[in-house]
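*Asks:* Residue numbers (our numbering): 984 to 1636.
Let me begin by handing over the structure; questions about it come next.
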Amino acid sequence: MERWDPLDIQGSATSEIVAAARKREIRNILKSYVGFFDPFAELAQNALDAVDLRRRNLAESHYEAQIWIKIDLAKNTLSVTDNGIGFNSDQFRMFLSPSISFKNTGDTRGNKGVGATYLAYGFNFLQMGTKTPDFEKCSEIQKGREWVDDREASVARPMVQDSDPLHDAFEVIDRGSTFTLRFEGDVRPSSLSWIGASSADQWKVLLLLRTPLGQLFEDGNDNATKLHLEVLDKAGKQSALNEIDCKYILPHTVIKGNARIADIISEQNRLLSKGKDASKLPAKYKRLNGVYDFWDSEKLSNLRSDKSERDLIEKYWVEAYGYFCYSAPKVLDKYSDDVAKLRKGIRAIRGGLQLATNLMPQGELVMIPLTSNIGYQNQSHVIVHFRGAEPDLGRKGFQPELESLAKSIAVALVGRLKQWRHLLLTDRGSGGSHQEELQLDEWIEKQKDYERQNPIILQNDNFFVPVNEISISASPTSEQDVVALFNQLLAGGVIRGVKMMASSSHHQYDGLFRYHIRPPQSNHMYDATTNPLGIQDTPNKEGFLSKPYVLEFKHNFDALIADFENEEKHESAIDLAIAWEMGTRWKERYQCVSLLLPDNLHLRQFHGVTHELHDDNTGEKRMDVILLSSLVSYLNDADAEVLRQQGLYGEEK
């Protein structure tokens, strides 16, 4: 069995004086690595560099760059294997020595030679192996951290010795490298379970956001490295994901209901070119969760007046991305809690400035130093990316002038982004009528009292079982037919969450209802196949019961417009209209927004709503509509109905 001392790079016996000096050097290196994700980042960076070197140096026509990661929470181990360039014999022996690097500055993500030292001496177990056509070896080093922390000279200097590969992926690669860290003893992190992630889906989010695996600004590289991720929880249950694109998770790619500023401006220019009001944007650009955009070096340079900043932007080919949402808790935090499902306090995507270089994020988020509207810094996620900049040893920060430039850019971008906040989601208005306020409120209060005093409950597993068809045999020809069909759709679960309070008990309006979203959320969440009338987001995952709303039934919506004109009913009092046909008179006063169109899906706030009516002059929302003929057609043939809806209510070209 071969054994060697990584500190003895000259092949001669290392004196204790030299060893003590090396120990002090290593201690200084380790001081730069204090974050939970530092070992993940170092191993990921090495793997990415290795596959890039193979792709570039060997020029194999059929090569597919791949990385395998195994996280075992029960054994507290992290394994990373790549099918990259691998090591030759000399490189393998010298790899763990302080300040030895085989990477070329400018071609690789790391080049200081300290990462491997951190892996070997920052932990008490590291296995490393390599495989090439000319050389194959697997070795381990133990008690590296114990030796570094030992002040009494009681721990022997660790030696590298032969080992059997621990990561199964090493057996299937034709060439490349493997590393396994075991987190034992007084090391950081001491437990991989601390972060609260126990599945491959959760770890995927963390790795793509917090490590170099989240590649940035690759300009649509089709030959992206693929990640294979395996996670074993504390009970040994396995979850796995394969063929993951190694790309940073930009907020707009995982949070629904956003628009790119460049697209909004393009649409405004299109409207102006037709002599129309540029403020009357299509519905897909309204009530958004967020807006975003990208800035290249030229655009960033135009934002800065300081020559020294413009020179740095040109020198480092600075690029940026900015995302601005209407609410950090309701958008960014909700993604962490409900989609990534991380434990409370762990935020996958947060407001702040992320510095990046050489395609990868570096260090923790930095607060954006806004001097006014400081709340916006939590609603903004900005990435400033340098090419060729070198961060410090622990990848935590950059030269002061680069960090200052990044903050200056972030402040400017937030200023640009917030200009579009009028397009973002706002709370739904009351919709109440001033003219009828007292009378309508009195009716609502009476119904609320009656509801409390006379509840009706009917729960039985034998009732309301789906029979895959409705009992009405023909299309509605009257308002009463519409009422009957709507009630059947409610009972059959086609439309969900409408809880009727009263009907036909008011001299003006047809009824009162509440929106009731009751767990499980999946009953209300959109799925193109199983729940096509669902919503993309729920107001409260623990349940939601709205205030009372007013509804109206009509066979044809034209009849409701006639009621408005005759002042028999008032538009501002009605929250939901249910009709069989839309008619034609809506064009006289409304913009009709079809929520059956994919671009408008994010606007649907409650299950089953098919359309929204917006004031034709102001663009403000007036009421929800459930158009039953469209609903039925959509459920029978979604693709055909979407085309029909596009023709009726889509954007004018």
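Even glycine gets a Cβ: it sits at the ideal position worked out from N, Cα and C.
Since this is a predicted model, take the numbers as computed values, not measurements.
Please report the distance separating the alpha-carbon of Ser1416 from that of Ala1218.
*Replies:* At Ser1416, the pLDDT of 33 sits below 50, so the modelled position is not reliable and the matter cannot be decided from this model.
*Asks:* If you follow the beta strand (DSSP E) that Glu1302 is in, where does it begin and where does it stop?
*Replies:* Glu1302 to Cys1308 is the extent of the beta strand (DSSP E) around Glu1302.
*Asks:* Quick check on DSSP: helix, strand or coil for Glu1603?
*Replies:* Glu1603 falls in the coil class under three-state DSSP.
*Asks:* With distances taken between CB atoms, is the gap from Leu1079 to Pro1022 smaller than 9 Å?
*Replies:* No, the Cβ-Cβ distance between Leu1079 and Pro1022 is not below 9 Å.
*Asks:* Considering only their Cβ atoms, is the gap separating Phe1070 from Thr1115 smaller than 9 Å?
*Replies:* Yes, Cβ-Cβ distance for Thr1115 and Phe1070 is below 9 Å.
*Asks:* Looking at the structure shown, is Leu1272 part of a helix, part of a strand, or coil, going by DSSP?
*Replies:* The amino acid occupying residue 1272 in the given sequence is Asn; Leu does not appear at that position. Note: Asn1272 maps to coil in three-state DSSP.
*Asks:* Report the option in Ile1329, Val1465, Gly1398 and Met1484 whose CA atom is closest to the CA atom of Glu1428.
*Replies:* That would be Met1484, whose Cα lies nearest to the Cα of Glu1428.
*Asks:* With DSSP as the reference, label Val1397 as helix, strand or coil.
*Replies:* Of the three classes helix, strand and coil, the one that applies to Val1397 here is helix, per DSSP.
*Asks:* For Ser1612 and Glu1564, which I take to be in contact (beta-carbon distance under 8 Å), what is that distance rounded to the nearest angstrom?
*Replies:* Indeed, because the Cβ distance is near 6 Å, the residues count as touching under 8 Å.
*Asks:* State buried or exposed for Gln1436, treating a residue as buried only when at least 16 other CB atoms are found within 10 Å of its CB.
*Replies:* Label assigned to Gln1436: exposed.
*Asks:* Kindly identify the DSSP beta-bridge partner or partners of Leu1061.
*Replies:* Partner(s): Ile1054 and Leu1164.
*Asks:* Distance check for Pro1195 and Ser1529, CA to CA, integer angstroms please.
*Replies:* The straight-line gap from Cα to Cα measures roughly 44 Å.
*Asks:* For Tyr1532 and Asp1558, which I take to be in contact (beta-carbon distance under 8 Å), what is that distance rounded to the nearest angstrom?
*Replies:* Their Cβ separation, rounded to whole angstroms, is 4 Å, which keeps Tyr1532 and Asp1558 in contact under 8 Å.
*Asks:* Please check the pair Trp1403 and Ile1244, which I expect to be a contact at CB under 8 Å, by giving their CB distance rounded to whole angstroms.
*Replies:* Right, the Cβ-Cβ distance comes to about 6 Å (below 8 Å), so this counts as a contact.
*Asks:* From Tyr1231 to Ser1176, what distance separates their C-alpha atoms?
*Replies:* Their Cα atoms are separated by approximately 23 Å.
*Asks:* Should Pro1459 go down as buried or exposed, given a rule of 16 or more other Cβ atoms within 10 Å for buried?
*Replies:* Counting Cβ neighbours within 10 Å, Pro1459 comes out buried, since at least 16 surround it.
*Asks:* Hey, could you find the ends of the alpha helix (DSSP H) Asn1225 is sitting in?
*Replies:* Unbroken run through Asn1225 is the beta strand (DSSP E), Gln1221 to Asp1228; no alpha helix (DSSP H).
*Asks:* Do Asn1307 and Ala1339 have their C-beta atoms within less than 9 Å of each other?
*Replies:* Looking at the sequence shown, residue 1307 is not Asn but Phe. No, these two residues do not count as a Cβ contact at 9 Å.
*Asks:* Which word fits Glu1154, buried or exposed, when buried means at least 16 other C-beta atoms lie within 10 angstroms of its C-beta?
*Replies:* So Glu1154 ends up on the exposed side.
*Asks:* Counting along the chain, where does the alpha helix (DSSP H) carrying Gly1127 start and finish?
*Replies:* Counting along the chain, the alpha helix (DSSP H) containing Gly1127 begins and ends at Gly1127 to Asp1132.
*Asks:* Could I get the ranges of all uninterrupted alpha helix (DSSP H) runs contained in the segment 1476 to 1555, with 4 residues as the minimum, in chain order?
*Replies:* As far as the segment 1476 to 1555 is concerned, its whole alpha helix (DSSP H) runs of at least 4 residues are 1540 to 1548.
*Asks:* Can you list, in chain order, the residues of its chain whose CB lies under 7 Å from that of Leu1353, leaving out five sequence neighbours each side?
*Replies:* Around Leu1353: Tyr1359, Gln1360, Val1394 and Val1397.
*Asks:* What does DSSP give as the partner residues of Val1349 in its beta bridges?
*Replies:* Beta-bridge pairing links Val1349 to Leu1336.
*Asks:* Taking the alpha helix (DSSP H) that Arg1076 belongs to, which residues open and close that run?
*Replies:* Residues Ser1072 to Met1077.
*Asks:* Is Asn1272 buried or exposed, if buried means 16 or more other CB atoms sit within 10 Å of its CB?
*Replies:* Answer is buried; the Cβ neighbour count reaches 16.
*Asks:* Buried or exposed for Val1237, please, with buried defined as at least 16 other CB atoms from any protein chain shown within 10 angstroms of its CB.
*Replies:* Under this definition Val1237 is an exposed residue.
*Asks:* May I have the straight-line CA-CA distance separating Arg1705 from Phe1589, to the nearest angstrom?
*Replies:* With the chain running from 984 to 1636 in the structure shown, residue 1705 is simply not present.
*Asks:* Less than 9 Å between the C-beta atoms of Thr1064 and Ala1152, yes or no?
*Replies:* For Thr1064 and Ala1152, yes; Cβs fall inside 9 Å.
*Asks:* CB-CB under 7 Å to Leu1036, same chain, minus the five flanking residues each way: which ones, in chain order?
*Replies:* Gly1067 and Ile1068.
*Asks:* Taking 7 Å as the limit between beta carbons, can you name the residues of its chain near Leu1408, skipping five residues before and five after?
*Replies:* Cβ within range, chain order: Arg1270, Leu1271, Asn1272 and Tyr1309.
*Asks:* Applying the 10 Å Cβ sphere with the 16-neighbour rule, what's the burial state of Ala1266?
*Replies:* That one is buried.
*Asks:* Just mark Ala1003 as buried or exposed, buried being the case when its beta carbon has 16 or more other beta carbons within 10 Å.
*Replies:* Flag for Ala1003 reads exposed.
*Asks:* Note down, in chain order, each residue of its chain lying with its Cβ closer than 6 Å to the Cβ of Asp1279, except the 5 sequence neighbours on either side.
*Replies:* Closer than 6 Å at the Cβ level, and outside the excluded window around Asp1279, lie Glu1302.
*Asks:* Thr1208 lies in the beta strand (DSSP E); which residues open and close that run?
*Replies:* No beta strand (DSSP E) holds Thr1208; DSSP gives it neither H nor E.
*Asks:* How big is the Cα-Cα spacing for Ala1621 and Arg1326?
*Replies:* If I take the Cα positions, the gap works out to 38 Å.
*Asks:* Inspect the beta-carbon positions of Ile1518 and Arg1587 and report whether they are closer than 9 Å.
*Replies:* Yes, they are a contact pair.
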